[in-house]
Amino acid sequence: MMFSPQIILEKLPEIGSGLFVTLILWIVGIAGGVAVGFLVATARRFGGRLINLVLGGIVEILRGTPFLIQIFLLYYGGPFVGLMLDPIPCGLIGLTIYSAAYYSEIFRAGYAAVPRGHVEAAECLGLTRLQAIRRIQIPEMALIVLPPSINLAVILLKESAVLSIITVPELTATVSAIGSQQYAFLEAIFLLAVIYWVIVEVTGRLGRLAEQRLSRLRFSKA
Amino acid sequence: MTLKLFTLLLQAAIATVGISLVSIAIGFAIAILLSAAALSRKPIYFLPARLFISFFRGVPLLVQLLLIYTLLPVIGINVPSIVAAIVGLSLCTAAYQAENLRGGFESVPIGLIEAAEVTGLNPRQTFFRIRVPIAMRLTFPALVNEAIMILKSSSLVSVVGIIELTKMAQDLASSTYLPIPIFASAALIYLVINSVVSLVGRFAERSLGGASA
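Heads up: the sequence lines are chains A and B, in that order.
According to numbering that gives the first Met the number 0, the first sequence is numbered sequentially starting from 0.
According to numbering that gives the first Met the number 0, the second sequence is numbered sequentially starting from 0.
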C-alpha cells in the first residue's frame, strides 16, 4: 500500500522543493545558531556578571519553553509590535534563536572542559602560546563540542518540521499536502518519516566519522 | 489579559502535565524492555529493538504523531485522539529513554554483576535486582531531562486537536486577538512546570545518593 511510483515521479519536483526549504532552514539554523551561540557563550564568559545573568536568563527561557510556543509568539505576536514576517523568514529567525540558545550551552561547557593542565603541559614542553591554542586547545575543544553539536543538529532538523504548523512550505507541509490531495495521507506520512529517518541516520554516521578523525588528531604524534 | 483567561490556561496546563506524566511512565516501562532487548546478543531481540529506537529517534515527533493518528484507524483500531496522542508520545519517549538506559546498563561495573552471580543470584535476579536499580540510578538525571523534553514536546499534540496548554493558548489568542500576552503566559507556565520538574529532579537525585553506583 505504498505510493505508486507515478505519483512520486509526478510530485517529485514538489517534494524536492519541500526538501530544499527544509535543508535551507536546517543549514541556516545550524550556522546562525553556532555563530550567535558562540557569541553568547563568549559574552557570558568574559562580559561580566550582569551580561552573564541577563543572557543566562534568556537562554533558560528559550530552553524551558516549547519551540511551537516561541514560533507562535513570533508569528502571531510579531505583527502587534510591528514585526510582520512571512512564514519562511519567521521560521528562519525562530529556528536560529532556538538553536543559538542550545549551542551557547554547548560552547559554555566546551570553554570549561579543556583541562588547564594540558595547556600548562604544552607550555612546559616549549610550545608557544599560539601553538598551544592551535594544537591543544582548539582540537580538544572541538572534540568536546562535536558530539553534542551533531546531536543538536539532528534535533534541529526534527524541530524544523514544527514550522509546517505556521505554513512554512518545508518537507512536512509539502508532503502531507500531497497526501491530502491524493487521498493517500498515510502513504505520504510514511514517505515523510523515511526521508527524515535517512537524513538523520546519515548525519549521525557522518558525525561519528568526524569524531573518529578528530580523536586521531588528538593522539597523533605530530 | 484577564484572570479568567489565565485560569483557563492553568486548567489546560493540567492536561499537559497529565499527558506528559502518563507518557513518560508508559515510555519508561517500554524502555526497560527495549534497552534489555537492544543489549541482547540474539539478533531476534536486538535487531527489532535497535530498529525501533533508531526510527523513533530519527523521525520528527510531529510526523510520528501524524503517522500514528492516521495509521491506527486504518489497521482497525479506533481510539479517541487523546489515546493516539499518548501512544505517540510514549513510543517516542520510550526510544529516547531506552537509549539512556542502554548507556546506563553498559556502565554497570562488571564486578558487581560477577559478584551477584558468585553470590548465587540467577540471571533474572541479577537483571532486576542489580542491573536495573544501578542503571536507573545512573540514568536518573537523563530521565529528568527527558521528562522536560516531553513536557515541551507535548505541545505538538495540539496539532491532532487535543486541548492542552498550547491548543488552549492558540484558541484564546485567535478569539481575543491578544496573542502576545496569551502566548507569553503559556510560555511562563511551561517554564514554571519545567523548573519545578528540574528542582524536584535535583532533590531526588541527592536523596538517591547522587549518580554514584
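Just so it is clear, CB atoms sit at the ideal spot from N, CA and C, and this is done for glycine as well.
Exercise. How would you list, in chain order, the residues of chain A whose beta-carbon sits under 7 Å from the beta-carbon of B/L70?
Worked result: The count along the second sequence starts at 1 and reaches residue 70 of chain B at position 71. The answer, in chain order, is L185.
Exercise. Are the C-beta of A/I165 and some C-beta of chain B separated by less than 8 Å?
Worked result: To locate residue 165 of chain A, count along the first sequence from 1; it is residue 166. No Cβ of chain B is located within less than 8 Å of the beta carbon of A/I165.
Problem set entry | Status (buried if at least 16 other CB within 10 Å, exposed otherwise) for A/P65 | The residue you call residue 65 of chain A lines up with position 66 of the first sequence. A/P65 counts as buried, since no fewer than 16 other beta carbons sit within 10 angstroms of its beta carbon.
Exercise. What residues from chain A crowd round B/T248, counting only those whose CB sits closer than 9 Å?
Worked result: Only positions 0 to 212 of chain B appear in this structure, which leaves residue 248 of chain B out of reach.
Exercise. CB-CB under 8 Å to B/R205, same chain, minus the five flanking residues each way: which ones, in chain order?
Worked result: Translated into positions along the second sequence, residue 205 of chain B becomes position 206. Same-chain partners within the cutoff: there are none.
Exercise. Does the beta carbon of B/A212 come closer than 8 Å to any beta carbon on chain A?
Worked result: As a position in the second sequence, residue 212 of chain B is number 213, starting the count at 1. Because B/A212 carries a pLDDT of 43, less than 50, the predicted location of this residue cannot be relied on, and no value is offered for it.
Exercise. With respect to the alpha helix (DSSP H) encompassing A/R115, which residues constitute its N-terminal and C-terminal limits?
Worked result: Your numbering for residue 115 of chain A matches position 116 in the first sequence. Taken as a continuous stretch (DSSP letters only), the alpha helix (DSSP H) holding A/R115 covers R115 to C123.
For this session: Run through the region 174-210 of chain B for me and flag every whole alpha helix (DSSP H) of 4 or more residues, listed as ranges in chain order.
Result: With a minimum length of 4 residues, the continuous alpha helix (DSSP H) runs that stay inside the region 174-210 of chain B are 178-206.
For this session: Can you give me, in chain order, the residues of the region 63-80 of chain A that have a beta carbon less than 8 Å from any beta carbon in chain B?
Result: Listed in sequence order: G63, T64, P65, F66, L67, I68, Q69, F71, L72, Y75, G76, F79 and V80.
Exercise. For A/Y75, does the three-state DSSP call read helix, strand or coil?
Worked result: Counting from 1 along the first sequence, the entry for residue 75 of chain A is found at position 76. Three-state DSSP puts A/Y75 in a helix.
Exercise. How is B/E163 classed by DSSP in three states: helix, strand or coil?
Worked result: Here residue 163 of chain B refers to the residue found at position 164 when the second sequence is read from its first residue. Residue state, collapsed to three classes: coil.
For this session: Determine the contact status of B/I190 and B/A12, defining contact as a CB-CB distance below 8 Å.
Result: In the second sequence, counting from the first residue as 1, residue 190 of chain B sits at position 191. In the second sequence, counting from the first residue as 1, residue 12 of chain B sits at position 13. In the sequence on display, residue 190 of chain B carries Leu and not Ile. Cβ atoms of B/L190 and B/A12: not closer than 8 Å.
For this session: Specify, as a first and last residue, the run of the alpha helix (DSSP H) that A/N51 falls within.
Result: Along the first sequence, one-based indexing puts residue 51 of chain A at 52. A/N51 -> alpha helix (DSSP H) spans R48 to G63.
For this session: State yes or no: is the beta carbon of B/F45 nearer than 8 Å to at least one beta carbon in chain A?
Result: Working through the second sequence from its first residue, we reach residue 45 of chain B at position 46. Not an interface residue.
Exercise. Just the Cα atoms here: how many angstroms apart are B/V82 and A/L191?
Worked result: On the second sequence, position 83 is the one that residue 82 of chain B refers to. On the first sequence, position 192 is the one that residue 191 of chain A refers to. Going from the Cα of B/V82 to the Cα of A/L191 covers about 23 Å.
Exercise. Which of helix, strand or coil does DSSP assign to B/I74?
Worked result: Translated into the one-based positions of the second sequence, residue 74 of chain B becomes position 75. Coil, per DSSP.
Problem set entry | Selected residue, minimal CA-CA separation from A/R215, among A/L124, A/Q180, A/A141 and A/G32 | Looking up residue 215 of chain A in the first sequence gives position 216. Ranked by how close their Cα comes to the Cα of A/R215, the residues A/L124, A/Q180, A/A141 and A/G32 have A/A141 in first place.
Exercise. Around the C-beta of A/S179, are 16 or more other C-beta atoms found within 10 angstroms, so that it is buried, or is it exposed?
Worked result: Locating residue 179 of chain A in the first sequence gives position 180, where the first residue counts as 1. Around the beta carbon of A/S179, a 10 Å sphere encloses fewer than 16 other beta carbons of the protein chains shown; the residue is thus reported as exposed.
Problem set entry | Cβ pair count under 8 Å reaching 3, the region 142-157 of chain A against the region 100-116 of chain A | Yes: at least three Cβ pairs fall under 8 Å.
For this session: Can you have a look at B/T69 and say buried or exposed, based on whether 16 or more other CB atoms are within 10 angstroms of its CB?
Result: Numbered from 1 along the second sequence, position 70 holds the residue referred to as residue 69 of chain B. Flag for B/T69 reads buried.
Problem set entry | Within chain A, the residues that B/S22 reaches when beta carbons sit closer than 7 Å | Translated into the one-based positions of the second sequence, residue 22 of chain B becomes position 23. Residues of chain A passing the Cβ test: none, with the nearest at roughly 15 Å.
Exercise. Can a CB atom of chain B be found closer than 8 Å to the CB of A/L257?
Worked result: In the structure as shown, chain A starts at 0 and stops at 221, and residue 257 of chain A therefore has no counterpart that could be examined.
Problem set entry | A/N150 versus A/G203: straight-line alpha-carbon distance, rounded | Locating residue 150 of chain A in the first sequence gives position 151, counting from the first residue. Locating residue 203 of chain A in the first sequence gives position 204, counting from the first residue. Those two C-alpha atoms are separated by around 8 Å.
For this session: Determine the direct distance from the alpha carbon of A/M83 to that of A/G77, and round the result to whole angstroms.
Result: If you number the first sequence from 1, residue 77 of chain A lands on position 78. If you number the first sequence from 1, residue 83 of chain A lands on position 84. Note on geometry: alpha-carbon atoms of A/G77 and A/M83 lie some 6 Å from one another.
Exercise. Can you name, in chain order, every residue of its own chain whose Cβ lies under 6 Å from the Cβ of A/T153, other than the five neighbours on each side?
Worked result: By 1-based counting over the first sequence, the position of residue 153 of chain A is 154. A quick correction: the sequence has Val, not Thr, at residue 153 of chain A. Closer than 6 Å at Cβ, skipping near neighbours: V199 and T202.
For this session: Inspect the beta-carbon positions of A/S243 and A/A40 and report whether they are closer than 8 Å.
Result: Outside the displayed range of chain A (0 to 221) lies residue 243 of chain A, so it cannot be described from this structure.
Exercise. Using 8 Å as the limit for Cβ to Cβ distance, is A/W25 near chain B?
Worked result: Within the first sequence, numbered from 1, the residue matching residue 25 of chain A stands at position 26. So no, A/W25 is outside the interface.
Exercise. Run through DSSP, which three-state label would B/S215 get?
Worked result: Only positions 0 to 212 of chain B appear in the structure, and residue 215 of chain B is not among them; the question remains open.
Problem set entry | A/E13 and A/I177 closer than 8 Å at C-beta | Your numbering for residue 13 of chain A matches position 14 in the first sequence. Your numbering for residue 177 of chain A matches position 178 in the first sequence. Closer than 8 Å, so yes.
For this session: Determine, using beta carbons only, whether B/P178 comes closer than 8 Å to chain A.
Result: On the second sequence, position 179 is the one that residue 178 of chain B refers to. Any Cβ of chain A closer than 8 Å to the Cβ of B/P178 would place that residue at the interface, and such an atom is present.
Problem set entry | Contacting residues, own chain, Cβ-Cβ under 8 Å from B/L8 (five flanking each side not counted) | By 1-based counting over the second sequence, the position of residue 8 of chain B is 9. Close CB contacts of B/L8 within its chain, under the 8 Å cut and outside five residues either way in sequence, are with L164, M167, A168, L171, I181, S184, A185 and I188 (chain order).
Exercise. Does DSSP put A/S219 in a helix, a strand or coil?
Worked result: Locating residue 219 of chain A in the first sequence gives position 220, counting from the first residue. Because A/S219 sits at a pLDDT of 49, beneath the cut-off of 50, its placement in the model cannot be relied upon, and the point is left open.
Problem set entry | Nearest-angstrom Cβ-Cβ length linking A/L91 and A/V27, presumed shorter than 8 Å | Against the first sequence, residue 91 of chain A aligns to sequence position 92. Against the first sequence, residue 27 of chain A aligns to sequence position 28. Right, the Cβ-Cβ distance comes to about 5 Å (below 8 Å), so this counts as a contact.
For this session: Just confirm the distance between the C-beta atoms of B/A48 and B/L66, as a whole number of angstroms; I'd bet it's less than 8 Å.
Result: Start at 1 with the first residue of the second sequence, and residue 48 of chain B comes out as number 49. Start at 1 with the first residue of the second sequence, and residue 66 of chain B comes out as number 67. Rounded, the Cβ-Cβ distance is 19 Å, inconsistent with contact.
Problem set entry | Supposed close pair A/I165, A/Y74 - CB separation, criterion 8 Å | Locating residue 165 of chain A in the first sequence gives position 166, where the first residue counts as 1. Locating residue 74 of chain A in the first sequence gives position 75, where the first residue counts as 1. 5 Å between Cβ atoms; contact.
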